[in-house]
Each structure stands twice: as structure tokens, then as C-alpha cells.
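Read through the structure below, which is laid out as C-alpha cells, and then see the notes.
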Amino acid sequence: MLLFLLIINIAGTAAFAVSGALLAAKKKMDWVGFVFIGNVTGIGGGTLRDVILDVPVFWLVDWYYVVICSVSAVITYFATQQISRKSNALLWADAVGMALFSVLGAEKALRLGAEIPVAVIMGVFSACLGGIVRDVILNDVPVVFQKEIYITASLCGAIAYCVCFGLLGIIGIYAIGIGCVVAFTVRAIAIVTKLSMPAHKGLV
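The sequence shown begins at 39 in the working numbering and counts up by one.
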């Protein structure tokens, strides 16, 4: 189980770092900017989650997460020459990271003794806050504040995991898998069909 969690953590961190680096490419940044934005995206949400949960920040203990983000960003720096600006690579990389961290954030909160509602929120924070910080730094409107189905997908994944593991007692690995699939599927449907949440009409 610990090895499985480590693999999922590394995969989610790398996916988010790549999504950050792809956005850096759109902004025509240098390789240092790629590494910085990759790290902000890859470890930002988990950092804020750990601060809120009042536990040691994960990458200060396991420093290799910074290396993973940096290497992923540098690889993306060279690989982006083969990626079209019209490609949805950024959306898909972000979707993978979101799905994995929605569940991993909830899993860590439950493991620390948090109640299910708190665990769900920690899952959403882990998945979304890094991207928000990234977009603010790059002067973009964060995707979670647009009509995109993003927070909703993260919420669905975190809830699915908490229900499967916390209420139904499904084995951890299977519960994590179900939560990740739910989050990614909801986001994937939104990307493919361009489905979005209805926006408020504003004040009269």
C-alpha cells in the first residue's frame, strides 16, 4: 500500500509539474521559469494542505518531490517544441494531476484522523490550490474560477474515495483507484464535450 501511494504521489506531482511547465511554454518563459512554475504547480496544493492540517510539509521531508517537479519541467521545456499551441496537452496533464491529488489529499487527511467532510475539502485543496497559485503568478484567470468543470470533478473524486474507504470499507488501493477514475472521468467528459457549469447572471 505504501509503495502504491508513493507511485501515485510521484505520478500526480509529475503530471502537475508538466501542466505548469506547459503553461510556462505558452508564456514563453525561460527554463528557470519552467522549473519555478513546475514546482509551484506540483507541490503548491500539497503544501497548503499540510499547513492547514498542521503536519510537516511533505516536500521538506521528502525532498525528491522538488527534483521530480524540476526534472519534469526541464523535460517539458525541450518537448514543447513538438506540441502545438492548439493542443489540449495542458488540460489533460492537469486532469491527471487533479484526479490523483483529489484522492491523495483526502487519503492523507483520513489517515491523520480527520472526519470525512474535512478529508473531502483537503482533497479539493490538494488538487486545486497549486493551479490557482500558478495561474495567479502567470496573470491568468484560474481555471477553477471559470465555468470549467474542475472543482466539481475534484469534489466527485474525493467524495467517491471517502465513501468507498471511509463508509463502505473498501480496500485502500481499490478505493483510491475508484476515486481517481471518478475524478478523471468527470473532468475528461467536460474537456471532450466542452461541458461547463451554468454561470450566474450577475446582479441586476
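Glycine included, each C-beta is placed from N, C-alpha and C at the ideal position.
Predicted model, so just to flag it, every value in this text is computed and none were measured.
Measure how close the beta-carbons of residue i and residue j come, nearest whole angstrom, since I'm counting them as under 8 Å.
i	j	result
G82	G168	3 Å
S57	T85	Incorrect: roughly 17 Å between the Cβ atoms, too far for contact.
L138	I46	6 Å
L60	A133	With 8 Å as the limit, L60 and A133 do not qualify as a contact, their Cβ atoms being about 12 Å apart.
W243	Y115	Since the first residue shown for the chain is 39 and the last is 242, residue 243 is missing from the structure and cannot be characterised.
A55	S110	4 Å
What residue from the options has the CA that sits closest to residue i's CA?
i	options	result
V156	D132, I197, M136	I197
R225	N126, L148, G207	N126
A165	G240, G217, K64	G217
A191	V220, I106, D92, T231	V220
L142	K239, G240, K185, A49	A49
D173	A62, L40, C194	A62
M39	K239, I227, I209	I209
If you follow the alpha helix (DSSP H) that residue i is in, where does it begin and where does it stop?
i	result
V78	69 to 91
A152	Note, A152: premise wrong, no alpha helix (DSSP H); not H, not E.
V220	210 to 231
I113	102 to 117
A55	40 to 64
F203	That residue, F203, is in no alpha helix (DSSP H); it is neither H nor E in DSSP.
L98	96 to 99
Which residues in the same chain as residue i place their Cβ atom closer than 6 Å to its Cβ, once the five residues preceding and following it in sequence are excluded?
i	result
S121	What sits at residue 121 in the sequence shown is Ile, not Ser. Here the set comprises A127.
F42	I211
D178	none
C200	A144, I154, A157, V158
L193	V162
F183	none
R87	G143, M160, F163, S164
Is residue i near the ligand PLP - that is, is its Cβ less than 7 Å away from at least one heavy atom of it?
i	result
L91	With respect to the ligand PLP, the structure shown offers nothing to examine, as it has no ligands at all.
Are there 16 or more other CB atoms within 10 angstroms of the CB of residue i, so buried, or fewer, so exposed?
i	result
D92	exposed
T231	exposed
L241	exposed
E186	buried
E153	exposed
G135	buried
A237	exposed
L98	exposed
Among the residues of its own chain, which have a CB less than 8 Å from the CB of residue i, if the five just before and after it don't count?
i	result
V89	V95
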